[in-house]
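Just so you know, numbering that gives the first Met the number 0 puts 86 at position 87 of the sequence shown, and the rest follows in order with no gaps. Don't be surprised by glycine CBs; every beta carbon is placed ideally from N, CA and C. Working notes for the structure below.
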Amino acid sequence: MREFTRQRRIPLVLIVAGVLALAASVWVIPNLNRAEGQQALYDRLGGKEAITAVVDDFVNRTVADSRVNGRFAFTDAKKFKASNVELICEATGGPCTYQGQDMKRAHAGMRISNAEFDILAKHLTATLKKFKVPKQERKGLLEIIGSLRKDIVETS
Ligand code: HEM
Numbered sequence: 000m001r002e003f004t005r006q007r008r009i010p011l012v013l014i015v016a017g018v019l020a021l022a023a024s025v026w027v028i029p030n031l032n033r034a035e036g037q038q039a040l041y042d043r044l045g046g047k048e049a050i051t052a053v054v055d056d057f058v059n060r061t062v063a064d065s066r067v068n069g070r071f072a073f074t075d076a077k078k079f080k081a082s083n084v085e086l087i088c089e090a091t092g093g094p095c096t097y098q099g100q101d102m103k104r105a106h107a108g109m110r111i112s113n114a115e116f117d118i119l120a121k122h123l124t125a126t127l128k129k130f131k132v133p134k135q136e137r138k139g140l141l142e143i144i145g146s147l148r149k150d151i152v153e154t155s
């Protein structure tokens, strides 16, 4: 009889422990996620489709700007946009692998100035505002792009 009760109790204990562990994980996991930060910037920006729309508008503004468009006189805009989408997708934590040249190599010898970089950064800001991207996400993306300045700019 005792044997029987014991045999029945062990699985019961395991079931109770399992239910408690499950309840704890349901409660703890979302809190852990919140503590570690929110979703990837990629998702907060709206994923690949939103990033593609942002890059499209940003590049259109850039190539319409006479202060910098001479730089892109021989550029295949479609390829250039695709490269930028991949770069931003990967850099913001999205499921992409940028396959172009690294930023130092891609801009080497162009003697790009800080002023030119600022022009592109301002176009990107204007695009993000046009698409009503919230301030925190704007800041996040502009910080990532800003971190590339040291590799892109060659003259002050
Ligand atoms: C604002 C940050 C910038 C980013 C994120 C960026 C990104 C890129 C990318 C992804 C490529 C293509 C590389 C490849 O496919 O291998 C590229 C090429 C290029 N970038 Fe930038 N760039 C930036 C700033 C600038 C600036 C300030 C200029 C000059 C005003 C510039 C001029 C160019 C040119 C001329 C090319 C070559 C395009 C071609 O293939 O004809 N970039 N850039």
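| Query | Result |
| --- | --- |
| Rounded to whole angstroms, what's the CA-CA distance from Asn59 to Gln37? Just pull it up for me. | 31 Å |
| Does any heavy atom of the ligand HEM sit closer than 8 Å to the C-beta of Glu48? | no |
| Report yes if the C-beta distance between Tyr118 and Val67 is below 9 Å; otherwise report no. | The sequence shown places Ile at residue 118, not Tyr. Yes, they are a contact pair. |
| For Ala52, collect the residues of the same chain with a Cβ closer than 8 Å to its Cβ; drop the 5 residues on either side in sequence, then sort them by chain order. | Phe130 |
| Going straight from the alpha carbon of Asp116 to that of Ser155, what length do you get? | The sequence shown places Phe at residue 116, not Asp. Their backbone Cα atoms lie some 10 Å apart in a straight line. |
| I'd like to check one pair, Ile143 with Ala90: are the Cβ atoms closer than 9 Å? | yes |
| Can you check whether the CB of Asp64 is closer than 9 Å to the CB of His122? | yes |
| What residue from Lys128, Lys138, Phe73 and Val84 has the CA that sits closest to Thr96's CA? | Val84 |
| Can you tell me which of the three DSSP states Ser82 falls into? | helix |
| If you count every other CB in all the chains shown that lies within 10 Å of the CB of Phe57, and 16 or more means buried, which is it? | buried |
| Which term fits Gly108, buried or exposed, when burial requires 16 or more other beta carbons within 10 angstroms of its beta carbon? | exposed |
| Thr96 by DSSP, collapsed to three states: which one? | coil |
| Hey, how far is the Cα of Ser112 from the Cα of Ile151? | 8 Å |
| Name the two residues that bound the continuous alpha helix (DSSP H) containing Ala114. | Asn113 to Lys129 |
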